[in-house]
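Using the working numbering, read the sequence shown as starting at -4 and increasing by one per residue. Cβ coordinates follow ideal geometry from the N, Cα and C atoms, glycine included. Remember, predicted model here, so these are calculated numbers, not experimental data.
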Amino acid sequence: MRRPRFGIQLPWRPFAEVRDLAERAEAAGYDSIATADHFFMRSPMESPDDPVLECFTLLGALAMVTRRVKLAQLVACNSFRHPALTAKAATTLDHVSGGRLELGLGAGWFREEYEALGIEYPAPRVRIAQLREAIHIIKQLWTERIAEFEGDHYRIRGAYAEPKPLQTPRPPIMLGGSGPALLKLAGEEADILNMIPPTGGRLGRLVLEDAMQFDVGEYRRRSALLRDHARAAGRNPDDIALSQFVFVTLGADRASADAMLAAMAQMMGIDDVARARESPSVLAGDAAACRAELARRQEDLGVSYFFCRFTDAGTMERFAAEVIAKL
-4 MRRPRFGIQL PWRPFAEVRD LAERAEAAGY DSIATADHFF MRSPMESPDD PVLECFTLLG
56 ALAMVTRRVK LAQLVACNSF RHPALTAKAA TTLDHVSGGR LELGLGAGWF REEYEALGIE
116 YPAPRVRIAQ LREAIHIIKQ LWTERIAEFE GDHYRIRGAY AEPKPLQTPR PPIMLGGSGP
176 ALLKLAGEEA DILNMIPPTG GRLGRLVLED AMQFDVGEYR RRSALLRDHA RAAGRNPDDI
236 ALSQFVFVTL GADRASADAM LAAMAQMMGI DDVARARESP SVLAGDAAAC RAELARRQED
296 LGVSYFFCRF TDAGTMERFA AEVIAKL
């Protein structure tokens, strides 16, 4: 079985620290670096005062200090930009990186952010409909000399967009989410699905208990729905790469990994550490246990791409050397 791909999610830190981490991730052997797309965030692990850098600009800068890793948004909020601007920014990033873009897109979810910025926060079905239209526009602008689109939410007429991306026929599109409508859209349009647990739904805020309910059985059920939607759209489900976002706690042994996991769970306000350990969003253990769990997820769940979040750069490098390199 082919080794899965591994990326890291960059933390919100001053640029010099992020640049150093990106360079170290590439040197360690990671396949991609990714960054979220927010103006600010409020969660057990993030503060509104964190230094959040704009995702396309940041990745463009990191393209200048890396040579191999793919560059991804995890994921870009469709509500923040007109799709024509997203297409142009993405094309620019593909060019400055030498064809290393993986465009991550999502419908948006953090309501406080929308309201603080005066951005309308429509119902989930509307945001998914907007995302669907945005994908159609982006694909047209990437592949056609003159793009035309008339939708319920966006319209372009006689639109030129040169140059086209370096990657042919176009860069891969990754969608993030796991709701029913998003799964249908991914089955029809995505090249990669980052199936993240629901984290608030209609509430528009982070509810970690929702994520903990998203166990392996639920992951398997929603993966099957994705494949059904792909078949219904006339696509081969195997053409859609399935990815996971995971919090990694790598210990020297099981006891130290459990202690690290317990500390992380406490910081996040999660009482049930055993449930956290079983969550698809968590990877905890010593190196051998992590390798075994990754192999299980690849074989049983069909996951071929892992985006990892680490507490520090040293753990990131150890994970690459002790886990990824030995798969």
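* To do: For T30, name the three-state secondary structure that DSSP assigns.
  => To locate residue 30, count along the sequence shown from 1; it is residue 35. Residue state, collapsed to three classes: strand.
* Is L296 closer than 8 Å to R272 when the C-beta atoms are compared? -> As a working note, residue 272 is residue 277 in the sequence shown. As a working note, residue 296 is residue 301 in the sequence shown. It is not a contact, given that the beta carbons lie outside the stated cut-off.
* Asked: Quick one: what does DSSP say P4 is sitting in, helix, strand or coil?
  -> For the purposes of this step, residue 4 is identified with residue 9 of the sequence shown, where counting begins at 1. The sequence as given places Gln at residue 4; Pro does not occur at that position. Correct three-state label for Q4: strand.
* **At least three beta-carbon pairs within less than 8 Å, the region 186 to 193 to the region 131 to 140** => no
* Asked: What residue does the alpha helix (DSSP H) around Q125 start on, and which one ends it?
  -> Here residue 125 refers to the residue found at position 130 of the sequence shown. According to the DSSP assignment, Q125 belongs to the alpha helix (DSSP H) that extends over 119 to 138.
* Who are Y155's beta bridge partners in DSSP? -> Looking up residue 155 in the sequence shown gives position 160. DSSP output for Y155 lists I141 as bridge partner(s).
* Is it the case that the Cβ atoms of R14 and V64 are separated by a distance below 8 Å? -> Within the sequence shown, the letter at position 19 stands for residue 14. Within the sequence shown, the letter at position 69 stands for residue 64. Taking 8 Å as the Cβ cut-off, R14 and V64 do not qualify as a contacting pair.
* To do: Could you round the C-beta distance between F34 and L126 to whole angstroms and report it? I think they count as a contact, below 8 Å.
  => Within the sequence shown, the letter at position 39 stands for residue 34. Within the sequence shown, the letter at position 131 stands for residue 126. That pair is no contact at about 19 Å.
* To do: Leaving out five residues on either side along the sequence, give the residues of the same chain with a beta carbon under 7 Å from the beta carbon of A228.
  => As a first step, residue 228 is located in the sequence shown; it is residue number 233 there, counting from the start. The residues are G182, E183.
* Could you tell me the boundaries of the alpha helix (DSSP H) in which L14 lies? => Position 19 of the sequence shown holds residue 14. The sequence shown places Arg at residue 14, not Leu. Residues 10 to 23.
* What is the residue span of the beta strand (DSSP E) that G280 lies within? -> Locating residue 280 in the sequence shown gives position 285, where the first residue counts as 1. First-last of the beta strand (DSSP E) with G280: 277 to 280.
* Answer yes or no: do A17 and T61 have a C-beta to C-beta separation smaller than 8 Å? => Within the sequence shown, residue 17 is the residue found at index 22, counting from 1. Within the sequence shown, residue 61 is the residue found at index 66, counting from 1. In contact: A17 and T61 (Cβ atoms closer than 8 Å).
* Asked: So, using beta-carbon positions, are A31 and L69 closer together than 8 Å?
  -> Taking the first residue of the sequence shown as 1, we reach residue 31 at position 36. Taking the first residue of the sequence shown as 1, we reach residue 69 at position 74. For the 8 Å CB-CB criterion, A31 and L69 form a contact.
* K65, enclosing alpha helix (DSSP H) - first and last residue -> Numbered from its first residue, the sequence shown carries residue 65 at position 70. No alpha helix (DSSP H) holds K65; the beta strand (DSSP E) holding it covers 65 to 68.
* From A250 to Q293, what distance separates their C-alpha atoms? -> Locating residue 250 in the sequence shown gives position 255, counting from the first residue. Locating residue 293 in the sequence shown gives position 298, counting from the first residue. The C-alpha of Q293 is placed about 25 Å away from the C-alpha of A250.
* Classify Y155 as buried or exposed, calling it buried when 16 or more other Cβ atoms lie within 10 Å of its own Cβ. => Within the sequence shown, numbered from 1, the residue matching residue 155 stands at position 160. By the 10 Å Cβ count, Y155 comes out exposed.
* Rounded to a whole number of angstroms, what is the C-alpha to C-alpha distance between I28 and A20? -> Indexing the sequence shown from 1 puts residue 28 at position 33. Indexing the sequence shown from 1 puts residue 20 at position 25. Each residue's alpha carbon lies about 8 Å from the other.
* Asked: Quick one: what's E97 bridged to in DSSP?
  -> By one-based count along the sequence shown, residue 97 stands at place 102. Paired residue(s): A67.
* Just checking, does the region 213 to 223 make contact with the region 158 to 171 on the three C-beta pairs under 8 Å criterion? -> no
* **Buried/exposed call for N231, threshold 16 Cβ in 10 Å** => Mapped onto the sequence shown, residue 231 falls at position 236. Flag for N231 reads exposed.
* Asked: When the Cα atoms are used, what is the spatial distance from M36 to D26?
  -> Within the sequence shown, numbered from 1, the residue matching residue 36 stands at position 41. Within the sequence shown, numbered from 1, the residue matching residue 26 stands at position 31. In a straight line, the C-alpha of M36 is about 26 Å away from that of D26.
* From the DSSP output, in three-state form, read off R304 for me. => If you number the sequence shown from 1, residue 304 lands on position 309. Reduced to three states, the DSSP call for R304 is strand.
* To do: Check each candidate in F301, R222, A85, P39 and name the one with the smallest Cα separation from E49.
  => Residue numbering aside, residue 49 sits at position 54 when the sequence shown is read from its first letter. Closest option to E49, Cα to Cα, is A85.
* What are the start and end residues of the alpha helix (DSSP H) that includes S238? -> As a first step, residue 238 must be located in the sequence shown, where it is residue number 243. Per DSSP, S238 belongs to no alpha helix (DSSP H); it is in the beta strand (DSSP E), 236 to 245.
* **beta strand (DSSP E) segment containing G212, residue limits** => If you number the sequence shown from 1, residue 212 lands on position 217. First-last for G212: 211 to 227, but that is the alpha helix (DSSP H), not the beta strand (DSSP E).
* To do: Please name the residue or residues paired with C72 in a DSSP beta bridge.
  => For this step, residue 72 is matched to residue 77 along the sequence shown. DSSP, once it has assigned bridges, lists G101 as partnering C72.
* To do: Could you tell me which residues DSSP pairs with I168 in its beta bridges?
  => Reading the sequence shown from its first residue, position 173 is the one you call residue 168. In DSSP, I168 forms a bridge with L98.
* Among A185, I130, S274, H90, the one whose alpha carbon lies nearest that of E157 -> Residue 157 sits at position 162 when you count from the first residue of the sequence shown. Out of A185, I130, S274, H90, H90 has the C-alpha closest to the C-alpha of E157.
* **Exposed unless 16 or more other CB atoms sit within 10 angstroms - verdict on Q261** => One-based indexing of the sequence shown puts residue 261 at position 266. Answer is exposed; the Cβ neighbour count stays below 16.
* What do you reckon, are the CB atoms on F302 and M311 nearer than 8 Å? -> Numbered from its first residue, the sequence shown carries residue 302 at position 307. Numbered from its first residue, the sequence shown carries residue 311 at position 316. No. Outside cutoff.
* To do: Excluding the 5 residues preceding and the 5 following S276 in the sequence, name in chain order all residues of the same chain whose CB lies nearer than 8 Å to its CB.
  => The residue labelled residue 276 in the question sits at position 281 within the sequence shown. If the five residues before and after S276 are omitted, its C-beta is found closer than 8 Å to the C-beta atoms of I191, P192, A206, F209, Q239, F240, V241, F242, all from its own chain and listed in chain order.
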